[in-house]
Amino acid sequence: MEEIINQIHNLKKQRNAIILAHNYQRSEIQEVADIVGDSYALSKAAKEAEHDVIVFCGVHFMAETAKLLSPQKTVLLPAADAGCPMADMVTPADVKTLKAKYPDAAVVCYVNTSAAVKAESDVCCTSSNAVDVIKALPQHNIIFIPDAHLGDYVAKQVPEKNIILFDGYCITHKRVTLKEVEAARKVLPEAKMLVHPECLPEVVAKADFVGSTAQIIAFAQKHLDDKFIIGTEQGVLHWLQKHNQHKKFYLLSPKLICPNMKKTTLQDVKNALQNNTCEITLNENVMKKARVSIEKMLMVHA
Ligand code: SF4
């Protein structure tokens, strides 16, 4: 392990590269990374970085978003087959069909979508800014793609809008059941329960706090309680425990492990730096249109 970590550090220097790792990555990947964060924070970090090469340890749509925001940089996804099943649930053709059905509606796409889907959407959003983005739109009717659970949560915060939901979902967060919530409450009645809005609505309804990955981390950091039940992907616990050693964190369900997020290994990171594996390339036209939807989001919520 030590040898491969040293090789990665040397290659990083040779290529003027930065390693970005999502909070859901394996512990050893988070440890070798320069920056650990959620998809939005990492895309911003990719944009601001002065490096030539971005090694994005995450899933495909995240590396694409980094490329959209930093077109002049080489963006590498070390695990070539790390996709996001939720992002794959919606296609550009689906968006066109919805637009034809609801011509007066604005299309708001979750950042967990391909660049081609972003290109067909009016504005992009994340789980932390979705409410603000939708409130800022002049349209009453909003097509929200692809996550029905996040869409349902957002719809409850903006009752003045008519939110048209798509039927996508995160295979990982959807696995958490109400039974597991009740069981966790019985075992740890004093702990605060922090849940991601990609979970089922009945799970979200029972949480003490609902927020994006970054918001869950910020809440657990600031809050004076010392026990937290975490209702998002298991990788978050590594960072939380490392930076809050006097607090205890418990995973709400053992099923909260995203198989795609766990695909990246140290060997993949080394290969990416050595052989440029899975460089992200995007069609110019798609890139131009998709960037507009991201820039509109940034105008509301930088
Ligand atoms: S946790 Fe869910 S939304 Fe995130 S990459 Fe995995 S499947 Fe996709």
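All residue numbers for the sequence shown refer to my numbering, where the first residue is 12 and numbers rise by one. We treat Cβ as the ideally placed atom computed from N, Cα and C, and that holds for glycine.
Taking 8 Å as the cut-off, does the CB of residue 295 come closer than this to any heavy atom belonging to the ligand ADP? Looking for the ligand ADP in the displayed structure turns up nothing; the ligands present are the ligand SF4.
Cα separation between residue 329 and residue 252? A question about residue 329 goes unanswered here, because the residues of the chain that appear run from 12 up to 313.
So is the beta-carbon of residue 206 under 8 Å away from any non-hydrogen atom of the ligand SF4? Reading the sequence shown from its first residue, position 195 is the one you call residue 206. In this structure, the C-beta of residue 206 stays at least 8 Å away from each heavy atom of the ligand SF4.
Within 9 Å, strictly: CB atoms of residue 43 and residue 271: Position 32 of the sequence shown, counted from the first residue, corresponds to residue 43. Position 260 of the sequence shown, counted from the first residue, corresponds to residue 271. Their beta carbons are not under 9 Å apart, which means residue 43 does not touch residue 271 by this criterion.
Whose beta carbon lies closer than 7 Å to any heavy atom of the ligand SF4, going through the chain in order? Residues flagged by the Cβ proximity filter: 35, 70, 95, 96, 97, 98, 123, 181, 182, 183, 184, 209, 244, 269, 271, 272.
For residue 118 and residue 140, what's the separation of their Cα atoms in angstroms? One-based indexing of the sequence shown puts residue 118 at position 107. One-based indexing of the sequence shown puts residue 140 at position 129. Using only the alpha carbons, I get a separation of about 15 Å.
Buried versus exposed call for residue 170 [16 or more other C-beta atoms within 10 Å across all chains shown]: Position 159 of the sequence shown, counting from 1, holds the residue named residue 170. When all chains shown are included, residue 170 counts as exposed.
Could you pull out every unbroken beta strand (DSSP E) segment of at least 3 residues lying fully inside the region 118 to 180, listed in chain order? Listed in chain order, the complete beta strand (DSSP E) runs (minimum 3 residues) inside the region 118 to 180 are 134 to 136, 152 to 156, 173 to 176.
Since residue 58 contacts residue 88 with CB under 8 Å, what's their CB separation in whole angstroms? Sequence index remark: in the sequence shown, residue 58 carries index 47 (1-based). Sequence index remark: in the sequence shown, residue 88 carries index 77 (1-based). Going by Cβ atoms, the distance from residue 58 to residue 88 rounds to 17 Å, so no, they are not a contact pair.
Please name the residue, chosen from 13, 15, 12, 22, that lies closest to residue 287 on a Cα-to-Cα basis. Here residue 287 corresponds to residue number 276 of the sequence shown, with the count starting at 1. Ranking the options by Cα distance to residue 287, first place goes to 22.
For residue 33, name the three-state secondary structure that DSSP assigns. Within the sequence shown, numbered from 1, the residue matching residue 33 stands at position 22. Residue 33: strand per DSSP, three-state reduction.
Where residue 204 falls: helix, strand or coil (DSSP): Here residue 204 is taken as the residue at index 193 of the sequence shown, counted from 1. Three-state result, residue 204: strand.
Which value, in whole angstroms, describes the spacing of the CA atoms of residue 183 and residue 230? Within the sequence shown, residue 183 is the residue found at index 172, counting from 1. Within the sequence shown, residue 230 is the residue found at index 219, counting from 1. Spanning the two alpha carbons is a distance of roughly 22 Å.
Counting C-beta neighbours from all protein chains within 10 Å, is the total for residue 192 16 or more, i.e. buried, or is it exposed? Within the sequence shown, numbered from 1, the residue matching residue 192 stands at position 181. With 16 or more other Cβ atoms within 10 Å, it is buried.
Cross-strand partners of residue 95 (DSSP beta bridge): The count along the sequence shown starts at 1 and reaches residue 95 at position 84. Paired residues: none, contrary to the question.
If you reduce the DSSP assignment to three classes, tell me which class residue 183 lands in. What you label residue 183 is simply residue 172 of the sequence shown in a count that begins at 1. Judged by DSSP in its simplified three-state form, residue 183 adopts coil rather than helix or strand.
For residue 74, which of helix, strand or coil comes out of DSSP? One-based indexing of the sequence shown puts residue 74 at position 63. Residue 74: helix per DSSP, three-state reduction.
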